[in-house]
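Below is one structure, written out as structure tokens; the observations come after it.
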Amino acid sequence: MLIDCGECAMEHTPACHDCVVAHVLSEILGPLEVDAESVAALEVLADAGLVPELRLVPRAVNG
898 MLIDCGECAM EHTPACHDCV VAHVLSEILG PLEVDAESVA ALEVLADAGL VPELRLVPRA
958 VNG
């Protein structure tokens, strides 16, 4: 999974501030590549309320 906040429709909204990516990328610029095992682990942590859930909503592609 490639996560790029610049490609997320929720960027610069209140949901953005409560997204796990905002916490992970707080000091990293650019996209974040997450492997399937890490995605599964983040989902388990989010389901348990230990980290915010991923709030990525891909922007609509114009064309």
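Take the sequence shown: its letters are residues 898 to 960, numbered as in our numbering.
Beta carbons: idealized from backbone N, C-alpha and C, even for Gly.
| Check | Outcome |
| --- | --- |
| N- and C-terminal bounds of the alpha helix (DSSP H) containing Pro928 | Careful: Pro928 lies outside any alpha helix (DSSP H) and carries neither H nor E. |
| Cβ shell of Ala919 (< 7 Å), same chain only, five flanking positions each side left out | Cys913 |
| Backbone CA spacing between Glu908 and Cys902 [nearest angstrom] | 6 Å |
| Cβ-based burial, Val941 [other Cβ within 10 Å; buried from 16] | exposed |
| Close beta carbons around Val948, own chain, < 8 Å, minus the five adjacent residues each side | Val917, His920, Leu939 and Leu942 |
| According to DSSP, residues forming a beta bridge with Cys913 | DSSP, once it has assigned bridges, lists no residue as partnering Cys913. |
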